[in-house]
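Visitor: Pasting a structure below so you can have a look.
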Amino acid sequence: MKQQKSFKKMDVGKLYLVPTPIGNLEDMTFRSIKMLKEADLIASEDTRNTQKLLNHFEIGTKQISLHEHNVKERVPELITYLLEGKVIAQVSDAGMPSISDPGHELVLKAIENDVDVISLPGASAGITALIATGIAPQPFLFYGFLPRKTNEQKQSLEKIKELESALIFYESPHRVVKTLKVMLEVFGGNRKAVLCRELTKLFEEYTRGTIEELISFFEDTPIKGECCLIIEGFDGQVMLSEVEEGLSIREHVLQVIEQNKVTSKVAIKEVAKIRGIKKQDVYKEYHLE
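Position in the sequence shown counted from 1, then plus 737, gives you the working numbering.
Take a look at the structure:
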(Lines of atoms letter the chains of each structure in order from A and count residues from 1; the text may use other names and numbers.)
(Lines give C-alpha, C1' and ligand atoms only; values in the text may rest on other atoms or scores of the structure.)
Protein backbone atom coordinates (compact mmCIF):
# COMPACT_ATOMS: atom_id res chain seq x y z
CA MET A 1 0.00 0.00 0.00
CA LYS A 2 1.18 3.49 -0.85
CA GLN A 3 -0.30 6.91 -0.20
CA GLN A 4 0.52 9.88 -2.42
CA LYS A 5 0.61 13.42 -1.04
CA SER A 6 0.60 15.15 -4.41
CA PHE A 7 2.02 18.52 -3.38
CA LYS A 8 4.41 17.49 -0.65
CA LYS A 9 8.02 18.38 -1.49
CA MET A 10 10.02 15.35 -2.65
CA ASP A 11 13.59 14.67 -3.74
CA VAL A 12 12.28 13.29 -7.04
CA GLY A 13 10.27 15.07 -9.74
CA LYS A 14 6.57 14.87 -10.50
CA LEU A 15 4.61 13.60 -13.47
CA TYR A 16 1.69 15.81 -14.53
CA LEU A 17 -0.98 14.44 -16.86
CA VAL A 18 -2.18 17.45 -18.83
CA PRO A 19 -5.36 17.36 -20.95
CA THR A 20 -5.39 19.20 -24.27
CA PRO A 21 -8.40 20.47 -26.28
CA ILE A 22 -10.35 17.95 -28.38
CA GLY A 23 -10.96 20.61 -31.01
CA ASN A 24 -11.47 24.15 -29.79
CA LEU A 25 -8.25 25.65 -28.42
CA GLU A 26 -10.29 27.90 -26.11
CA ASP A 27 -10.99 24.81 -23.99
CA MET A 28 -7.39 24.79 -22.76
CA THR A 29 -7.42 25.63 -19.03
CA PHE A 30 -5.28 28.31 -17.37
CA ARG A 31 -3.74 25.63 -15.14
CA SER A 32 -2.81 23.41 -18.08
CA ILE A 33 -1.09 26.31 -19.86
CA LYS A 34 0.79 27.22 -16.66
CA MET A 35 1.87 23.61 -16.17
CA LEU A 36 3.19 23.26 -19.72
CA LYS A 37 5.19 26.46 -19.27
CA GLU A 38 6.66 25.43 -15.92
CA ALA A 39 7.51 21.80 -16.74
CA ASP A 40 11.10 20.85 -17.49
CA LEU A 41 9.96 18.58 -20.30
CA ILE A 42 6.77 17.75 -22.20
CA ALA A 43 6.23 14.11 -23.21
CA SER A 44 4.01 14.26 -26.31
CA GLU A 45 2.16 11.64 -28.32
CA ASP A 46 3.04 13.59 -31.48
CA THR A 47 5.47 16.48 -31.07
CA ARG A 48 4.27 18.10 -34.31
CA ASN A 49 0.67 18.33 -33.14
CA THR A 50 1.67 19.51 -29.69
CA GLN A 51 3.97 22.14 -31.16
CA LYS A 52 0.96 23.84 -32.78
CA LEU A 53 -0.64 24.07 -29.35
CA LEU A 54 2.57 25.35 -27.76
CA ASN A 55 3.00 27.98 -30.45
CA HIS A 56 -0.57 29.20 -29.97
CA PHE A 57 -0.03 29.78 -26.26
CA GLU A 58 3.61 30.93 -26.61
CA ILE A 59 5.03 28.01 -24.66
CA GLY A 60 8.72 27.29 -25.21
CA THR A 61 9.17 24.11 -23.15
CA LYS A 62 11.19 21.34 -24.79
CA GLN A 63 9.33 18.27 -26.05
CA ILE A 64 10.16 14.58 -26.24
CA SER A 65 8.01 11.99 -28.04
CA LEU A 66 6.17 9.22 -26.22
CA HIS A 67 3.91 7.06 -28.38
CA GLU A 68 2.91 3.42 -28.86
CA HIS A 69 5.93 2.66 -31.06
CA ASN A 70 8.67 3.92 -28.71
CA VAL A 71 7.12 3.40 -25.29
CA LYS A 72 9.48 0.56 -24.24
CA GLU A 73 12.59 2.62 -24.89
CA ARG A 74 11.22 6.01 -23.84
CA VAL A 75 9.62 5.20 -20.48
CA PRO A 76 12.91 4.23 -18.75
CA GLU A 77 14.48 7.44 -20.07
CA LEU A 78 11.62 9.54 -18.69
CA ILE A 79 11.74 7.75 -15.33
CA THR A 80 15.44 8.65 -15.10
CA TYR A 81 14.56 12.32 -15.64
CA LEU A 82 11.87 12.13 -12.95
CA LEU A 83 14.22 10.48 -10.44
CA GLU A 84 16.70 13.28 -11.11
CA GLY A 85 14.07 15.74 -9.89
CA LYS A 86 12.67 16.98 -13.20
CA VAL A 87 8.99 17.81 -13.70
CA ILE A 88 7.42 16.17 -16.76
CA ALA A 89 4.09 17.12 -18.31
CA GLN A 90 2.57 14.37 -20.39
CA VAL A 91 0.07 15.15 -23.17
CA SER A 92 -1.73 13.22 -25.91
CA ASP A 93 -2.89 14.69 -29.21
CA ALA A 94 -6.32 15.55 -27.82
CA GLY A 95 -8.12 15.00 -24.53
CA MET A 96 -6.80 13.07 -21.56
CA PRO A 97 -3.57 11.04 -21.67
CA SER A 98 -4.12 7.26 -21.27
CA ILE A 99 -7.77 7.42 -22.47
CA SER A 100 -7.53 5.62 -25.84
CA ASP A 101 -4.09 7.26 -26.04
CA PRO A 102 -0.54 6.49 -24.87
CA GLY A 103 0.44 7.22 -21.30
CA HIS A 104 -0.57 4.40 -18.99
CA GLU A 105 2.83 2.67 -19.10
CA LEU A 106 4.60 5.80 -17.88
CA VAL A 107 2.03 6.25 -15.08
CA LEU A 108 2.61 2.68 -13.88
CA LYS A 109 6.39 3.06 -13.87
CA ALA A 110 6.22 6.41 -12.10
CA ILE A 111 4.05 4.92 -9.33
CA GLU A 112 6.40 1.94 -9.11
CA ASN A 113 9.30 4.36 -8.55
CA ASP A 114 7.45 6.46 -5.93
CA VAL A 115 7.06 9.43 -8.26
CA ASP A 116 3.87 11.45 -7.71
CA VAL A 117 1.42 11.32 -10.62
CA ILE A 118 -0.86 14.35 -10.76
CA SER A 119 -3.82 14.53 -13.14
CA LEU A 120 -5.21 17.89 -14.28
CA PRO A 121 -8.91 18.10 -15.18
CA GLY A 122 -9.90 18.98 -18.71
CA ALA A 123 -11.49 17.93 -21.96
CA SER A 124 -12.53 14.33 -22.64
CA ALA A 125 -14.57 13.54 -25.75
CA GLY A 126 -16.58 10.67 -24.25
CA ILE A 127 -17.96 12.61 -21.27
CA THR A 128 -18.42 15.78 -23.33
CA ALA A 129 -20.57 13.82 -25.79
CA LEU A 130 -22.49 11.74 -23.25
CA ILE A 131 -24.09 14.56 -21.28
CA ALA A 132 -25.56 16.17 -24.42
CA THR A 133 -27.01 13.02 -26.00
CA GLY A 134 -30.21 12.77 -23.97
CA ILE A 135 -29.28 9.20 -23.02
CA ALA A 136 -29.26 8.62 -19.23
CA PRO A 137 -25.63 9.37 -18.28
CA GLN A 138 -25.43 7.37 -15.06
CA PRO A 139 -24.10 4.78 -14.84
CA PHE A 140 -21.93 4.69 -17.94
CA LEU A 141 -19.20 2.50 -19.36
CA PHE A 142 -16.40 4.02 -21.38
CA TYR A 143 -15.31 1.33 -23.83
CA GLY A 144 -13.23 3.31 -26.32
CA PHE A 145 -12.34 1.58 -29.59
CA LEU A 146 -13.80 -1.85 -30.35
CA PRO A 147 -11.64 -4.48 -32.08
CA ARG A 148 -11.62 -4.10 -35.86
CA LYS A 149 -12.53 -7.70 -36.77
CA THR A 150 -16.26 -8.41 -36.87
CA ASN A 151 -16.10 -11.63 -34.84
CA GLU A 152 -14.04 -9.95 -32.13
CA GLN A 153 -16.48 -7.04 -32.08
CA LYS A 154 -19.38 -9.44 -31.58
CA GLN A 155 -17.58 -11.19 -28.72
CA SER A 156 -16.85 -7.87 -27.02
CA LEU A 157 -20.41 -6.58 -27.43
CA GLU A 158 -21.95 -9.86 -26.21
CA LYS A 159 -20.12 -9.37 -22.89
CA ILE A 160 -21.70 -5.96 -22.30
CA LYS A 161 -25.07 -6.22 -24.05
CA GLU A 162 -27.02 -6.62 -20.78
CA LEU A 163 -25.30 -3.81 -18.89
CA GLU A 164 -27.72 -1.07 -17.87
CA SER A 165 -24.97 1.52 -18.33
CA ALA A 166 -24.81 3.96 -21.22
CA LEU A 167 -22.00 2.78 -23.51
CA ILE A 168 -19.35 5.14 -24.91
CA PHE A 169 -17.39 4.10 -27.99
CA TYR A 170 -14.84 5.87 -30.19
CA GLU A 171 -14.89 4.89 -33.86
CA SER A 172 -13.31 5.82 -37.16
CA PRO A 173 -15.78 7.64 -39.47
CA HIS A 174 -15.07 5.02 -42.14
CA ARG A 175 -16.16 2.16 -39.85
CA VAL A 176 -19.17 3.69 -38.05
CA VAL A 177 -21.87 2.06 -40.20
CA LYS A 178 -20.15 -1.32 -40.16
CA THR A 179 -19.88 -1.16 -36.37
CA LEU A 180 -23.53 -0.11 -36.02
CA LYS A 181 -24.55 -3.15 -38.08
CA VAL A 182 -22.71 -5.43 -35.66
CA MET A 183 -24.43 -3.62 -32.77
CA LEU A 184 -27.77 -4.16 -34.52
CA GLU A 185 -27.09 -7.89 -34.56
CA VAL A 186 -26.08 -8.03 -30.88
CA PHE A 187 -28.18 -5.27 -29.25
CA GLY A 188 -31.17 -5.15 -31.60
CA GLY A 189 -32.29 -2.12 -33.58
CA ASN A 190 -34.44 -0.28 -31.04
CA ARG A 191 -31.81 0.92 -28.61
CA LYS A 192 -31.30 4.68 -28.58
CA ALA A 193 -28.03 5.68 -30.21
CA VAL A 194 -26.31 9.00 -30.85
CA LEU A 195 -23.44 9.67 -33.24
CA CYS A 196 -21.48 12.68 -31.99
CA ARG A 197 -19.17 14.16 -34.60
CA GLU A 198 -16.51 16.91 -34.59
CA LEU A 199 -17.07 17.84 -30.93
CA THR A 200 -16.26 21.48 -30.03
CA LYS A 201 -15.42 22.26 -33.67
CA LEU A 202 -17.30 24.38 -36.22
CA PHE A 203 -19.17 21.40 -37.70
CA GLU A 204 -20.10 19.78 -34.38
CA GLU A 205 -23.07 17.47 -34.93
CA TYR A 206 -25.30 15.15 -32.88
CA THR A 207 -27.43 12.62 -34.77
CA ARG A 208 -29.96 11.07 -32.37
CA GLY A 209 -32.14 8.06 -33.11
CA THR A 210 -32.07 4.27 -32.74
CA ILE A 211 -29.32 1.95 -33.94
CA GLU A 212 -31.52 0.97 -36.89
CA GLU A 213 -32.31 4.60 -37.77
CA LEU A 214 -28.65 5.64 -37.67
CA ILE A 215 -27.72 2.80 -40.02
CA SER A 216 -30.47 3.80 -42.44
CA PHE A 217 -29.48 7.48 -42.31
CA PHE A 218 -25.72 7.07 -42.68
CA GLU A 219 -25.54 4.07 -45.01
CA ASP A 220 -25.38 6.31 -48.08
CA THR A 221 -24.08 9.44 -46.33
CA PRO A 222 -20.29 9.85 -46.00
CA ILE A 223 -19.17 10.51 -42.43
CA LYS A 224 -16.18 12.76 -41.77
CA GLY A 225 -14.25 13.82 -38.70
CA GLU A 226 -13.75 12.48 -35.19
CA CYS A 227 -16.68 10.32 -34.02
CA CYS A 228 -18.04 9.26 -30.66
CA LEU A 229 -20.89 6.74 -30.50
CA ILE A 230 -23.16 6.62 -27.45
CA ILE A 231 -25.52 3.66 -27.02
CA GLU A 232 -28.37 3.40 -24.51
CA GLY A 233 -27.96 0.83 -21.74
CA PHE A 234 -29.92 -2.42 -21.52
CA ASP A 235 -33.54 -1.86 -20.46
CA GLY A 236 -34.31 -5.44 -19.43
CA GLN A 237 -36.02 -6.43 -22.67
CA VAL A 238 -34.04 -9.29 -24.19
CA MET A 239 -34.26 -9.83 -27.95
CA LEU A 240 -35.99 -13.04 -28.85
CA SER A 241 -34.72 -15.08 -31.75
CA GLU A 242 -37.06 -15.68 -34.68
CA VAL A 243 -37.64 -19.22 -33.43
CA GLU A 244 -38.44 -18.05 -29.89
CA GLU A 245 -40.80 -15.36 -31.16
CA GLY A 246 -42.93 -18.05 -32.81
CA LEU A 247 -43.31 -20.06 -29.61
CA SER A 248 -45.93 -19.73 -26.92
CA ILE A 249 -44.56 -19.28 -23.39
CA ARG A 250 -45.34 -22.93 -22.59
CA GLU A 251 -43.65 -24.13 -25.77
CA HIS A 252 -40.67 -21.96 -24.93
CA VAL A 253 -40.34 -23.53 -21.46
CA LEU A 254 -40.55 -27.02 -22.96
CA GLN A 255 -37.87 -26.10 -25.50
CA VAL A 256 -35.50 -24.91 -22.74
CA ILE A 257 -36.15 -28.11 -20.73
CA GLU A 258 -35.33 -30.26 -23.75
CA GLN A 259 -32.32 -28.29 -25.01
CA ASN A 260 -30.66 -27.64 -21.64
CA LYS A 261 -31.75 -30.82 -19.83
CA VAL A 262 -33.02 -28.83 -16.83
CA THR A 263 -36.05 -28.98 -14.56
CA SER A 264 -39.21 -27.01 -15.30
CA LYS A 265 -38.40 -24.71 -12.38
CA VAL A 266 -35.04 -23.75 -13.90
CA ALA A 267 -36.54 -23.45 -17.38
CA ILE A 268 -39.33 -21.16 -16.13
CA LYS A 269 -36.76 -18.86 -14.54
CA GLU A 270 -34.71 -18.80 -17.75
CA VAL A 271 -37.70 -18.06 -20.01
CA ALA A 272 -38.77 -15.23 -17.68
CA LYS A 273 -35.29 -13.73 -17.97
CA ILE A 274 -35.18 -14.11 -21.77
CA ARG A 275 -38.61 -12.57 -22.27
CA GLY A 276 -38.25 -9.90 -19.62
CA ILE A 277 -41.42 -10.92 -17.79
CA LYS A 278 -42.28 -12.13 -14.27
CA LYS A 279 -41.57 -15.72 -13.26
CA GLN A 280 -45.11 -16.03 -11.90
CA ASP A 281 -46.57 -15.22 -15.33
CA VAL A 282 -44.43 -17.88 -16.99
CA TYR A 283 -45.38 -20.37 -14.26
CA LYS A 284 -49.10 -19.75 -14.82
CA GLU A 285 -48.81 -20.14 -18.62
CA TYR A 286 -46.75 -23.31 -18.28
CA HIS A 287 -49.24 -24.97 -15.92
CA LEU A 288 -52.41 -23.99 -17.81
CA GLU A 289 -52.70 -27.38 -19.49
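From the three backbone atoms N, C-alpha and C, an ideal C-beta is built for every residue, glycine too. Given the structure is predicted, the values throughout are model-derived calculations rather than measurements.
Where does LEU991 sit, in a helix, a strand or coil, going by DSSP?
Guide: helix
Visitor: Keeping to the same chain, check which residues put their C-beta closer than 8 Å to that of VAL923; ignore five residues upstream and five downstream.
Guide: If we look at VAL923 and ignore the five residues flanking it on each side, its Cβ neighbours are LYS891, LEU894, GLU895, LYS898.
Visitor: Could you tell me which uninterrupted beta strand (DSSP E) segments, each at least 3 residues in length, are contained entirely in the stretch 810 to 893, listed from first to last along the chain?
Guide: 825 to 828, 853 to 856, 877 to 882
Visitor: Below 7 Å CB to CB, which residues in the same chain sit around ILE994 once its five sequence neighbours on both sides are set aside?
Guide: SER1001, ALA1004
Visitor: Quick one: is HIS989 buried, meaning 16 or more other Cβ sit within 10 Å of its Cβ, or exposed?
Guide: buried
Visitor: Work out the CA separation of MET765 and GLY983 for me, nearest whole Å.
Guide: 57 Å
Visitor: Which runs of the alpha helix (DSSP H) fall wholly inside the stretch 904 to 972 and span at least 4 residues, in chain order?
Guide: 913 to 924, 948 to 955
Visitor: So, do the stretch 812 to 821 and the stretch 756 to 764 have three or more beta carbon pairs nearer to each other than 8 Å?
Guide: With a cut-off of 8 Å, the stretch 756 to 764 and the stretch 812 to 821 do not count as touching, because too few Cβ pairs lie within range.
Visitor: Bridge partners of SER781, per DSSP?
Guide: SER802, VAL828
Visitor: Assign PRO839 to one of two classes, buried (16 or more other C-beta atoms within 10 Å of its C-beta) or exposed (fewer than that).
Guide: Result: buried.
Visitor: Identify the continuous alpha helix (DSSP H) that holds LYS742 and give its terminal residues.
Guide: From DSSP, LYS742 is part of no alpha helix (DSSP H); its letter is neither H nor E.
Visitor: Give the range of the beta strand (DSSP E) segment to which LYS774 is assigned.
Guide: Note, LYS774: premise wrong, no beta strand (DSSP E); alpha helix (DSSP H) at 767 to 775.
Visitor: Drop a sphere of 10 angstroms on the beta-carbon of GLN827, count the other beta-carbons inside from all chains shown, and report buried for 16 or more, exposed for fewer.
Guide: Buried: at least 16 other Cβ atoms inside 10 Å.
Visitor: Rounded to whole angstroms, what is the Cα-Cα separation between GLY859 and SER769?
Guide: 8 Å
Visitor: May I ask you to report which of helix, strand or coil DSSP gives LEU752?
Guide: strand
Visitor: Please classify THR1000: does DSSP put it in a helix, a strand, or coil?
Guide: coil
Visitor: I need the straight-line Cα distance from TYR753 to GLU950, nearest angstrom please.
Guide: 43 Å
Visitor: Tell me which residues share the same chain as ARG912 and place their Cβ nearer than 8 Å to its Cβ, disregarding the 5 neighbours each side in the sequence.
Guide: ARG885
Visitor: From what residue to what residue does the alpha helix (DSSP H) around LYS1021 run?
Guide: 1016 to 1023
Visitor: Answer with buried or exposed for MET772, where buried requires no fewer than 16 other C-beta atoms within 10 angstroms of its C-beta.
Guide: Result: buried.
Visitor: Going by Cα to Cα distance, which pick from THR937, PHE877, THR916, GLU849 is closest to LYS751?
Guide: Of THR937, PHE877, THR916, GLU849, the residue nearest in Cα terms is GLU849.
Visitor: With ASP853 and GLN741 assumed to form a contact (beta carbons below 8 Å), what rounded beta-carbon distance in angstroms separates them?
Guide: 5 Å
Visitor: May I have the straight-line CA-CA distance separating SER743 from VAL749, to the nearest angstrom?
Guide: When rounded, the distance between both Cα atoms is 12 Å.
Visitor: Can you list, in chain order, the residues of its chain with a C-beta nearer than 6 Å to that of THR870? Leave out the 5 residues immediately preceding and following it.
Guide: VAL931, ILE967
Visitor: Can you find the residues in the same chain that come closer than 7 Å, C-beta to C-beta, to GLY926, ignoring five residues on each side of it along the sequence?
Guide: Counting only residues of its own chain and dropping the five nearest sequence neighbours on each side, GLY926 has a CB closer than 7 Å to the CB of THR947, ILE948, GLU949.
Visitor: Kindly indicate which residue of THR887, LYS1010, ILE801 has the alpha-carbon position closest to the one of ALA780.
Guide: ILE801
Visitor: Give every residue of the same chain whose Cβ lies closer than 7 Å to the Cβ of LYS719, excluding the five residues on either side of it in the sequence, and list them in chain order.
Guide: An answer regarding residue 719 cannot be provided, because it is not within the stretch 738 to 1026 covered by the chain.
Visitor: Identify every residue that forms a DSSP beta bridge with THR757.
Guide: GLY832
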